């Protein structure tokens, strides 16, 4: 046989100290560090899938914009620029508070962790409130996706490009909005765990991973904002 | 080896088909040789190096020279094949400017063809031999595909868009064309015959304005209704008695019409025929002389159809 | 004939451990809630084999119905056109999404990958179970859609047909969407496992080639499947909201759908074939008792196939209305696929050369694979070449080509791998004689069924045809008879594999003389895989005699 | 304890100061991109907007997502996501921007293929104007650029 066996403690060898009994340590990892790195690697892979998931919508948007350039520019006039800009700022700030929450968790500052997580959730809620006003305005005016589009008074109302623009607007901001809602849910879950003092400098993996998730949601908005609100 | 080609490929209907077949057979022999090499090696090694207790195998992890050879040689071969295929395909891709144009409309599950002079056929094409013919195609519902095996061409037909395909038929007689993109229940019934005619036969075909009307032989009024819509009659003549730019056809048959010169005329076959071909000859009172002549545009079967249609509108 | 075991088949005279992963805990709940990769692998195996059985029955039905041009059998119409369209759609969708894509990675891969790495489990065991349940949910939804009347879109869901036809299309789309996520999470799990859980001493180029193949597959699963997800979402929204991206009636572009679909579905072809190649790369060195020739080239070829698979999707659309420039570019890039595929075939042959080859059932499947894959690969050249593709695309030639690659290569490799690891998974040897007979039947039946279809295609028989001209009937009849032989072979396989489960455990730890780590543990393995953490000291496939140092 | 001390050394990065600077840079870039939208640069607008967005995304990835200090593999994975997306966009654009528009020369003969029940303008096939025979005034979508 090409291999031999050496004797290793079943729960890992090197660096197996006091926290070898860490309740979060899973049996198939040798060390907590390995476990943390693996979790983060998995999260980054998930982020790559998110990029491609949203990417498909960006490709669809791009191709349809290529097909209906005039209609897209005209339709985008119906979006309110300051609302988009406000939401951008809100999300950037929430990313900032999120990274501070991770930093606090890592340095054993429990109260600060809870506080920053709460601030992040507040920002996320502000984002959704602004989105609510944007959406309800569009519902009133009939700027709806696809066959539900029934706005009157546009110079090219009823044309395909117009309805297509709003199809994409609702799909992309909608999918992004779903991510925000999911984000709020897991942020709340993390906040409750942080309150209980479950995180410390030796184990803060969930905070780190949720942070990564939250930043990718922010990053997607960074692209959505100019594409929808600022095209010429 | 012609028998092999004749067995594997459909009959050749054009010079291009022969060219595709040449490429196909070239690839066939190339692949046959490579396959015999691979399968032969596998068989030979299996026999020659079959299990013998105690035989020690060499520890050959790699052989850089050999591996470079079997990377680079196939690559060069592939580049060659690509250009071979490209060379043939360019002829398929670019139609000559003087090609005769036939418009194709595909829908579930039939084909409509329209010739440059307005001749129409359904599920049947007539083309003159030795003349490039280009098909400009669109679909009314889902994606179809115009496939003429004997010409070795096919192309998808996409709703909302035009695509084209062309060939120069050289072999007289019937060739099958068929739908090659799945389009539902009648997909496999969506086929017809392409007739490559000599000049005399083709001229005769055009004279009668296509073959579509033959389906309506026994109910010419329906054929007339189709002509009424296709030829723009409907823009000026209503069929429900309402007033338009021209007299309504409703109840007009065998009526006495008053003309703008004060005389009257019986609406019969002769009058209707004259009105289509020489509309300015008699103008019904209260209407402007605005109707264009359909002389040379309407063929006899179409006029007969229209008359039957007017007759039916009592 | 008894097994030609190589020296060192048993590791010492270790007694078989009384407690293994199969009997460590009992009851249905201990299976449904398990996070053990081995049990999840077995559950997947049962699942995908059931799907295979279903898809196979539909295939036999299609072939039977095509026996006559009008589908008349004993004076009755076997299938109407509508039924026929539904049956071939179900056959395609089940085989692709429920069977082949998860077949090797999720069942055999799940079982073997951690063992080969010397790991105790995959990186995320709970995610692993979750993706199994996603698969199950998708499968159930697909079956519900089937019961509700089934869809007739073809497995490719081309618009505008799929957005206008009747039937539970949206449900089917959602089922495939969920199956896609199952596949994503499996791939994600495997990548993390390979990166982080290799045994001490095992570098990247010490990994068995099976791992390389599964790793390359996982890259595609993670990077391409999300696009399938979003494509299906867009399709479902097109049906329900008329969003106007794919349907020309609503201002969309059906060719764009084909770009979306094939951006996933071409790499998906490599999700199917790479694991098959990976299994063959285990079988050939093991049964040739010789080191893998060109190990590094094999590893690079797996990864480069995965990467190249992302830039060739347009070859499905040469006549579909994409631009002519795109067609030419995609044709040129398509030929790149031939290079790593060729390298693999040559290296397998190079491994057999001067080997010491025995012909147990897995090796027979490996040799079948070599021949069938050669045919599948070489006929791909006809389809990548522009001028011949125009004639051959959308005909039975394509059907035959991809069945040689999917069924003749991937499924044959899957069955070979199943036999290879069957003793490890169940602790039992199957009946070798029946194994060889069945393999022969499968090989003959397969070739009868599909080799004929190359000629049907080149003679101009379009695919997905219900009626066909009488001239094609002879070849169709041969094909149908072939499908019965193929079916018989597979049925025998199922029978003797199940029969082996009834006898007491008799498999040695290492029945084939394999050199990879899964053979170090007992058959079947204990719950946590290894009694002691294995450490890599020699490369895999090292068949040099062990120098007596220990 | 040694391993974990190392762990923390490795993760000892960032800090409030760096995050604050990142946030300020992001906010400034947001202001710049909004400002740029009010200047009409034709197709340059979209290029500038996407360029700024990319800078912002890189800032978020490097600092907020710790890629600057993280294992390179994680960054590689994220980049792979963008690379495959780039391939997707690139080839789709290749197709869309190089399509030929085939038009029948005698367009006036063709009936507009309007399926029953579909909305007006349901097709991008041009509606032939009866007067302008042979002059396809409205080109189909393929010709739109």
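Residue numbers (the working numbering), protein chains in the order written: chain L, 2 to 233; chain V, 803 to 1116; chain E, -10 to 539; chain H, 135 to 279. Each residue gets a CB set at the ideal place from its N, CA and C atoms; glycine is no exception. Note that this is a predicted model, so its numbers are computed, not measured.
key: Residue environment, residue 63 of chain E, which counts as buried when at least 16 other CB atoms sit within 10 Å   = exposed
According to a CB-to-CB cut-off of less than 7 Å, which residues of the stretch 203 to 221 of chain L neighbour chain H?
-> 203, 213, 216, 219 and 220
Relative to the alpha-carbon of residue 907 of chain V, which residue among V/895, V/893 and V/926 has its alpha-carbon at the smallest distance?
-> V/926
Practice problem: Would you please state the rounded distance, in angstroms, between the beta carbons of residue 93 of chain E and residue 366 of chain E? I believe it to be under 8 Å. | Solution: At roughly 18 Å, the Cβ-Cβ gap does not stay under 8 Å, so residue 93 of chain E and residue 366 of chain E are not in contact.
Q) For residue 249 of chain E, which residues of its own chain have a beta-carbon under 6 Å away from its beta-carbon, when the five flanking residues on both sides are left out? A) 220
### Task
Kindly indicate if chain L contains any beta-carbon less than 8 Å away from that of residue 212 of chain E.
True, the Cβ-Cβ gap to chain L drops below 8 Å.
Quick one: Cα of residue 220 of chain L to Cα of residue 22 of chain E, how far? The straight-line gap from Cα to Cα measures roughly 36 Å.
Practice prompt. Could you list the residues in the stretch 102 to 117 of chain E with a C-beta less than 9 Å from some C-beta on chain L, going in chain order?
Written response: 103, 107, 108, 109, 110, 111, 112, 113, 114 and 116
From this set, L/113, L/41, L/139 and L/30, which residue's C-alpha is nearest residue 207 of chain H's C-alpha? L/41
> Beta-carbon separation of residue 107 of chain H and residue 216 of chain L under 8 Å?
Replying inline: Given a span of 135 to 279 for chain H in the structure shown, any question on residue 107 of chain H remains unanswerable.
Worksheet entry | Nearest-angstrom beta carbon gap, residue 1047 of chain V and residue 1061 of chain V [assumed within contact, 8 Å] | The pair is not a contact, with the Cβ atoms about 17 Å apart (cut-off 8 Å).
| task | Give a yes or no on whether the minimum CB-CB distance between residue 80 of chain E and chain V is below 8 Å. | result | no
### Task
Could you name the residues of the same chain whose beta carbon sits closer than 6 Å to that of residue 1057 of chain V, not counting the 5 residues immediately before and after it, in chain order?
1069
Can you list, in chain order, the residues of its chain with a C-beta nearer than 6 Å to that of residue 123 of chain E? Leave out the 5 residues immediately preceding and following it.
Result list for residue 123 of chain E: 167, 170 and 171, in chain order.
Original post:
alpha helix (DSSP H) containing residue 977 of chain V: first to last residue?
Top reply: DSSP places residue 977 of chain V outside any alpha helix (DSSP H); the residue lies instead in the beta strand (DSSP E), whose first and last residues are 975 to 981.
Item to complete: State the DSSP-derived secondary structure class of residue 852 of chain V, mapped to helix, strand or coil.
Response: strand
Spatial neighbours of residue 812 of chain V within its chain, please: CB distance less than 6 Å, with the 5 preceding and 5 following residues excluded, ordered by chain position.
Excluding residues within five positions, the ones whose Cβ falls inside 6 Å are 951 and 952.
- [ ] For residue 224 of chain L, return the contacting residues in chain H, with the cut-off set at a CB-CB distance below 8 Å.
- [x] 184, 187 and 191
Measure how close the beta-carbons of residue 424 of chain E and residue 512 of chain E come, nearest whole angstrom, since I'm counting them as under 8 Å. Rounded, the Cβ-Cβ distance is 17 Å, inconsistent with contact.
Discussion item. Using the Cβ count rule (16 or more neighbours within 10 Å means buried), how would you classify residue 122 of chain L?
Written reply: buried
For a cutoff of 8 Å on Cβ pairs, would you count residue 157 of chain H as touching chain L? yes
Checking the sheet assignment: what are the DSSP bridge partners for residue 204 of chain L?
L/201
Closer than 8 Å to chain L by CB, residue 219 of chain H:
yes
Within this structure, are the beta carbons of residue 971 of chain V and residue 943 of chain V separated by less than 8 Å? No, they are not a contact pair.
| message | So residue 355 of chain E and residue 262 of chain E are supposed to be a Cβ contact under 8 Å. How far apart are they, rounded? | response | With 8 Å as the limit, residue 355 of chain E and residue 262 of chain E do not qualify as a contact, their Cβ atoms being about 15 Å apart.
What does the alpha-carbon distance come out to for the pair residue 403 of chain E and residue 117 of chain L?
51 Å
Query raised in the report: Among the residues of its own chain, which have a CB less than 7 Å from the CB of residue 383 of chain E, if the five just before and after it don't count?
Result: 451 and 452
- Beta-carbon proximity list for residue 783 of chain V, same chain, < 8 Å, skipping 5 on both sides: Since the first and last residues shown for chain V are 803 and 1116, residue 783 of chain V lies out of range.
Checklist entry - Name the chain V residues that come within less than 8 Å of residue 425 of chain E, Cβ to Cβ? => result Ordered by position in chain V, no residue passes the 8 Å Cβ test against residue 425 of chain E, which lies about 14 Å from the chain.
- Item | Where the stretch 273 to 295 of chain E meets chain V: residues whose CB sits under 9 Å from a CB there | 276, 277, 278, 279, 280, 281, 282, 283, 284, 285 and 286
Practice problem: Give a yes or no on whether the minimum CB-CB distance between residue 35 of chain L and chain E is below 8 Å. | Solution: Residue contact check for residue 35 of chain L against chain E: a CB pair falls below 8 Å.
Practice prompt. List the residues of chain E whose Cβ lies closer than 9 Å to the Cβ of residue 146 of chain L, in chain order.
Written response: 226, 230, 231, 232 and 233
Worksheet item: For residue 201 of chain H versus residue 209 of chain H, is the C-beta spacing smaller than 8 Å?
Response: yes
Looking only at its own chain, which residues have a Cβ that is under 8 Å from the Cβ of residue 3 of chain E, when we skip the five neighbours before and after it? 498 and 511
**Message:** Against chain E, with Cβ distances strictly below 8 Å, would residue 152 of chain L count as a contact?
**Reply:** no
Beta-carbon proximity of residue 379 of chain E to residue 956 of chain V, cut-off 8 Å | yes
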